[in-house]
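Protein chains in written order, with numbering that gives the first Met the number 0: chain Z, 0 to 212; chain H, 0 to 212; chain X, 0 to 212; chain P, 0 to 212. Glycine included, C-beta positions come from ideal geometry on N, C-alpha and C. Quick caveat: nothing in here was measured; it's all calculated off a predicted structure.
4 protein chains.
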Amino acid sequence: MSDMMETLRNEEKMTPKQIEIVKAAIELFSEKGYYNTSTSEIANRAGVAEGTIFRHYRTKKDLLVAIVTPVITNFSAPVFAKKFVSQVFQNDYEHFEDLLYAFIKNRFEFAQSNLPLIKILLQELAFHPEIQTAYKKEFGEKVIPAFNQALDFYKEKGELRDLPNETMIRMMVTTILGFMITRFIVQSDKDWDDETEINQTIAYIMGGVGKKG
Amino acid sequence: MSDMMETLRNEEKMTPKQIEIVKAAIELFSEKGYYNTSTSEIANRAGVAEGTIFRHYRTKKDLLVAIVTPVITNFSAPVFAKKFVSQVFQNDYEHFEDLLYAFIKNRFEFAQSNLPLIKILLQELAFHPEIQTAYKKEFGEKVIPAFNQALDFYKEKGELRDLPNETMIRMMVTTILGFMITRFIVQSDKDWDDETEINQTIAYIMGGVGKKG
Amino acid sequence: MSDMMETLRNEEKMTPKQIEIVKAAIELFSEKGYYNTSTSEIANRAGVAEGTIFRHYRTKKDLLVAIVTPVITNFSAPVFAKKFVSQVFQNDYEHFEDLLYAFIKNRFEFAQSNLPLIKILLQELAFHPEIQTAYKKEFGEKVIPAFNQALDFYKEKGELRDLPNETMIRMMVTTILGFMITRFIVQSDKDWDDETEINQTIAYIMGGVGKKG
Amino acid sequence: MSDMMETLRNEEKMTPKQIEIVKAAIELFSEKGYYNTSTSEIANRAGVAEGTIFRHYRTKKDLLVAIVTPVITNFSAPVFAKKFVSQVFQNDYEHFEDLLYAFIKNRFEFAQSNLPLIKILLQELAFHPEIQTAYKKEFGEKVIPAFNQALDFYKEKGELRDLPNETMIRMMVTTILGFMITRFIVQSDKDWDDETEINQTIAYIMGGVGKKG
DNA sequence: TATGAATGAGCTTTCATTCAT
DNA sequence: GATGAATGAAAGCTCATTCAT
Chain Z
0 MSDMMETLRN
10 EEKMTPKQIE
20 IVKAAIELFS
30 EKGYYNTSTS
40 EIANRAGVAE
50 GTIFRHYRTK
60 KDLLVAIVTP
70 VITNFSAPVF
80 AKKFVSQVFQ
90 NDYEHFEDLL
100 YAFIKNRFEF
110 AQSNLPLIKI
120 LLQELAFHPE
130 IQTAYKKEFG
140 EKVIPAFNQA
150 LDFYKEKGEL
160 RDLPNETMIR
170 MMVTTILGFM
180 ITRFIVQSDK
190 DWDDETEINQ
200 TIAYIMGGVG
210 KKG
Chain H
0 MSDMMETLRN
10 EEKMTPKQIE
20 IVKAAIELFS
30 EKGYYNTSTS
40 EIANRAGVAE
50 GTIFRHYRTK
60 KDLLVAIVTP
70 VITNFSAPVF
80 AKKFVSQVFQ
90 NDYEHFEDLL
100 YAFIKNRFEF
110 AQSNLPLIKI
120 LLQELAFHPE
130 IQTAYKKEFG
140 EKVIPAFNQA
150 LDFYKEKGEL
160 RDLPNETMIR
170 MMVTTILGFM
180 ITRFIVQSDK
190 DWDDETEINQ
200 TIAYIMGGVG
210 KKG
Chain X
0 MSDMMETLRN
10 EEKMTPKQIE
20 IVKAAIELFS
30 EKGYYNTSTS
40 EIANRAGVAE
50 GTIFRHYRTK
60 KDLLVAIVTP
70 VITNFSAPVF
80 AKKFVSQVFQ
90 NDYEHFEDLL
100 YAFIKNRFEF
110 AQSNLPLIKI
120 LLQELAFHPE
130 IQTAYKKEFG
140 EKVIPAFNQA
150 LDFYKEKGEL
160 RDLPNETMIR
170 MMVTTILGFM
180 ITRFIVQSDK
190 DWDDETEINQ
200 TIAYIMGGVG
210 KKG
Chain P
0 MSDMMETLRN
10 EEKMTPKQIE
20 IVKAAIELFS
30 EKGYYNTSTS
40 EIANRAGVAE
50 GTIFRHYRTK
60 KDLLVAIVTP
70 VITNFSAPVF
80 AKKFVSQVFQ
90 NDYEHFEDLL
100 YAFIKNRFEF
110 AQSNLPLIKI
120 LLQELAFHPE
130 IQTAYKKEFG
140 EKVIPAFNQA
150 LDFYKEKGEL
160 RDLPNETMIR
170 MMVTTILGFM
180 ITRFIVQSDK
190 DWDDETEINQ
200 TIAYIMGGVG
210 KKG
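1) Less than 7 angstroms between C-beta atoms, sequence neighbours within five positions excluded: which residues of the same chain meet that for Z:H94?
2) Since P:F183 and P:N164 should fall inside the 8 angstroms C-beta cutoff, what is the C-beta to C-beta distance between them, to a whole number of angstroms?
3) Smallest Cα separation from H:Q17: which of H:M171, H:R44, H:L124, H:D192?
4) Do the CB positions of Z:I52 and Z:P115 come within less than 8 angstroms of each other?
5) Taking the alpha-carbon positions, what's the X:S119 to X:F28 distance?
6) Where X:L124 and X:I130 are concerned, what is the direct C-alpha to C-alpha distance, given to the nearest angstrom?
7) Just list the alpha helix (DSSP H) runs in the stretch 87–143 of chain X, keeping only unbroken ones of 4 residues or longer that don't cross its boundaries, in chain order.
8) For X:R169, tell me which candidate among P:Q186, P:P144, P:D192 has the shortest Cα-Cα distance.
9) Whole angstroms is fine: what's the gap from Z:M3's alpha carbon to Z:T68's?
10) Just checking my contact of Z:I117 with Z:F74 at CB under 8 angstroms: how many whole Å lie between their CB atoms?
11) Looking at chain P, is there any beta carbon in it that lies within less than 8 angstroms of the beta carbon of X:F28?
12) Kindly indicate the opening and closing residues of the alpha helix (DSSP H) around H:A42.
13) Helix, strand or coil for X:L63 per DSSP?
14) Return no unless some Cβ of chain Z is closer than 8 angstroms to the Cβ of H:N35.
15) With a 10 Å radius around its C-beta and 16 neighbouring C-beta atoms as the bar for buried, classify Z:K22 as buried or exposed.
16) Using a Cβ cut-off of 9 angstroms, pull out every chain Z residue sitting near H:A125, in sequence order please.
17) Please list the residues of the stretch 48–63 of chain Z that have a C-beta atom closer than 7 angstroms to any C-beta atom in chain H, keeping them in chain order.
18) Looking only at its chain, what residues have a beta carbon closer than 7 angstroms to the beta carbon of P:Q122, apart from the 5 residues adjacent to it on each side?
19) If the criterion is Cβ atoms closer than 8 angstroms, does the pair X:E137 and X:T36 meet it?
20) Once DSSP output is grouped into helix, strand and coil, what is the label at Z:L159?
21) For X:G209, which of helix, strand or coil comes out of DSSP?
22) Output, in chain order, the set of chain Z residues within a Cβ distance shorter than 9 angstroms of H:G46.
23) Give the secondary structure of H:G50 by DSSP, where H, G and I count as helix, E and B as strand, and everything else as coil.
24) Report the three-state DSSP secondary structure of P:M13 (helix, strand or coil).
25) Taking P:T174 as the reference, which of P:T132, P:M205, P:E30, P:H127 has the closest Cα?
26) Classify X:K189 as helix, strand or coil using the three-state DSSP reduction.
27) Could you spell out where the alpha helix (DSSP H) holding P:G177 opens and where it closes?
28) Please report the distance separating the alpha-carbon of X:T38 from that of X:V64.
29) Taking the beta carbon of P:G207 as the centre, do at least 16 other beta carbons fall within 10 Å, making it buried, or is it exposed?
30) Using 8 angstroms as the limit for Cβ to Cβ distance, is P:F178 near chain X?
31) Closer than 8 angstroms, CB to CB, is H:L114 near chain Z or not?
32) Let me see if you follow: with CB-CB separation under 8 angstroms, is X:R106 close to chain P or not?
33) What do you get for Z:T200, buried or exposed, if any count of 16 or more other CB atoms within 10 angstroms of its CB means buried?
34) How many Å lie between P:T58 and P:E49 at the Cα?
Next up, the structure:
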């Protein structure tokens with residue numbers, strides 16, 4: 000839980016009760032969904048009066064957005080921060096495969112320790128235009144450009160097929176997200192050998208986008 | 000719309016009003032989600048009294064389930080019906096790639112003409128245990144076995160890598176679903192060259208699961 | 000009470016419960032004011048579930064407006080209807096004083112049997128732009144023109160001073176309203192000799208606007 | 000605003016924050032009414048914490064009463080103070096008309112510089128028994144007696160008709176208040192020639208209560 | 001004196017569901 | 001089968017007031 004509160008970041012400015020509210024909301028939203036969770040339930044679990052929620056968040060939806068928006072940023076952004084891109088060009092990752100491994104590993108761990116947040120994001124994305132907007136902005140302005148740089152770099156190196164970046168990104172993202180959703184949500188109770196699965200996923204992707212021979 | 004009503008199948012037994020109710024519910028559920036749609040709105044759009052809905056469906060959730068359950072069966076099942084499997088073994092599809100093409104093409108068209116139904120399924124799956132159960136049953140009892148037969152067949156033929164079927168299925172399903180979700184939901188407004196995209200998707204999958212050389 | 004329901008007019012189209020709701024609302028709004036009356040109180044007194052109120056009136060304010068708007072029309076309009084104006088010109092009222100008497104008498108009786116409605120109107124006018132708009136429209140389009148015709152007629156006859164109509168109307172309306180408010184609201188418990196008071200009011204007005212000698 | 004604070008009188012004993020609270024409350028109450036103004040809004044506009052309001056006024060209603068009560072005294076009283084009455088008997092006003100002019104002029108100016116306060120008084124009078132009581136006390140104990148003295152004096156002088164004082168007071172007050180309400184509230188945006196209107200009002204009153212010939 | 005987080009009762013409103021016709 | 005008025009529980013939200021600091 001403390002991991003997640005870090006993801007939400009501005010913990011310092013929060014009162015103890017507000018932190019309890021956010022924690023309770025995360026639990027309930029991820030378990031039962033936004034519409035199946037009442038504010039009185041949240042207040043109850045947070046050990047707080049219902050009115051207290053509305054001192055901190057004007058509406059129930061504001062609370063949802065306050066929870067979900069940082070996840071969008073933190074789920075997609077960090078790896079694409081300057082540091083990461085520069086690592087690519089400094090040859091920290093000799094092959095695209097190495098980059099892929101670092102990336103998936105990193106995001107896998109993020110997902111693991113922020114599971115409830117990610118569940119909320121996935122479940123509610125369809126219903127809240129505010130969240131969709133934030134997601135599109137993040138993806139369009141940060142993720143795509145960073146991906147483009149990296150893909151161009153490794154294409155130049157002759158490691159990747161001559162497919163449009165857009166197509167490649169879609170396929171990779173799809174494969175990675177699909178793996179994580181299966182791993183953490185659809186079949187979370189299965190006994191997984193994560194290291195093997197990650198490597199198989201990388202192999203699958205490389206088979207699809209990497210240059211043969 | 001009539002395509003979709005076919006998917007729901009038991010149209011014959013429905014009164015005209017009931018058909019209107021289901022049509023209205025499909026539209027509204029897929030546009031705004033189950034929880035954002037009120038029964039009075041459904042009644043309104045169906046041109047029916049609110050009470051009429053409850054003559055046909057004991058609860059609002061019953062209406063949802065009545066709409067969604069057939070989609071599960073129809074989205075996954077038909078291709079795996081006896082006819083389909085026998086086609087595989089009768090060498091109707093010489094290569095796995097051919098099977099894949101037929102499969103994706105067929106499901107792509109189904110998705111296209113049942114888009115609202117599939118949106119409802121995807122959006123609500125997370126929140127309704129009844130739907131999850133139906134989905135798991137269908138997937139476990141029909142899809143997996145059929146896939147297994149086909150994969151074993153083409154493995155034997157030396158066309159597929161020696162990966163666990165489960166892994167292969169997950170990756171293929173993920174890739175295909177991811178393609179369709181992008182195509183029809185996330186970026187439905189983009190200008191798509193469907194034939195090209197389908198072929199690239201097949202190439203991507205074959206790269207990942209096909210035997211090299 | 001049945002008098003008042005007539006004022007509201009469209010009783011025919013109302014369900015019995017709706018009539019009870021309106022009656023209860025009139026009582027409570029006039030006794031305690033709009034903001035001091037809760038919808039649960041109204042429902043209670045009307046012997047109705049709270050939800051029933053909102054089947055008939057989308058919001059609490061809609062209920063207020065539905066009650067108040069007809070009062071505006073009925074308080075100001077009827078006397079100025081065609082019939083009334085034509086009576087003026089057919090010499091039904093030989094002197095302005097006679098017209099005044101008929102007018103005050105008629106409005107006095109209307110006020111008497113619609114007291115709660117008029118209290119609501121006076122009390123809430125200040126706070127609800129919707130009501131102000133309705134009132135201004137009614138006054139500007141019906142009352143003023145009718146008054147103008149009558150005043151011009153009796154000015155021609157040499158019975159009225161040469162004051163601007165606007166000023167005369169303001170003074171007369173003020174005097175008449177002031178009388179009624181004192182009579183029915185401020186000092187409603189006093190023992191009034193209505194006939195005398197009405198005549199004195201007329202005399203006061205005639206002293207102020209009538210031609211001397 | 001400083002004019003109004005004078006009206007409220009005990010400014011000396013107020014802390015700066017308290018003064019801000021009162022100013023903010025006057026603005027908001029007069030603009031939107033007591034029930035549409037929240038204490039948090041007042042605190043906000045006053046630049047003060049919400050709790051601070053309740054250090055100075057036990058309840059929100061106390062704040063209203065603290066604002067409105069002095070207005071009642073100051074709106075009606077000053078003219079009837081000893082000084083004023085003695086002026087009457089010292090023949091400072093030869094004719095009743097002169098007294099009337101001085102009175103209306105003086106109250107007109109008071110109203111002009113205390114408009115928000117007077118709006119609050121008029122708007123809230125109907126809903127708060129505390130205010131009604133204060134108003135009745137003031138009117139009964141100060142205004143009526145002073146008026147009686149003056150009216151008797153000018154009746155003796157043969158300038159006024161032989162109407163009951165009560166009736167005359169009612170009519171005069173009604174006319175004067177009605178004029179001011181029209182001037183400052185109902186049609187405050189109209190272009191007024193105040194001097195002319197005041198004189199016409201006096202003429203109207205004199206026509207109604209003055210002795211003919 | 002001033003703060004502002006916290007309270008909880010109470011508000012208006014929504015909505016799935018019932019039932020007499 | 002169809003209606004639609006009525007229900008009442010529960011929702012989200014407001015707000016005057018308290019109190020530890």
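Result, derived from the coordinates:
1) Residues E158 of the same chain have their beta carbon placed closer than 7 angstroms to that of Z:H94, with the five preceding and five following residues left out of the count.
2) So it is not a contact: roughly 27 angstroms between Cβ atoms.
3) Selected option, being the one with the closest Cα: H:R44.
4) no
5) Rather than Ser, the amino acid found at residue 119 of chain X in this sequence is Ile. Rounded to whole angstroms, X:I119 to X:F28 spans 6 angstroms at the Cα level.
6) 6 angstroms
7) List check, alpha helix (DSSP H) in window: 95–112, 114–124, 128–137.
8) P:Q186
9) 13 angstroms
10) 7 angstroms
11) no
12) From DSSP, the alpha helix (DSSP H) with H:A42 extends over 38–45.
13) Residue state, collapsed to three classes: helix.
14) Flagged as an interface residue toward chain Z: H:N35, by a C-beta distance shorter than 8 angstroms.
15) buried
16) G32, K118, L121, Q122, I184
17) none
18) G32
19) If you check the CB distance, X:E137 and X:T36 do not come in under 8 angstroms.
20) strand
21) Residue state, collapsed to three classes: strand.
22) Within 9 angstroms Cβ-Cβ: nothing; H:G46 doesn't reach chain Z, min ~26 angstroms.
23) helix
24) coil
25) P:M205
26) Correct three-state label for X:K189: coil.
27) DSSP places P:G177 inside the alpha helix (DSSP H), whose first and last residues are 164–180.
28) 15 angstroms
29) buried
30) yes
31) no
32) no
33) buried
34) 12 angstroms
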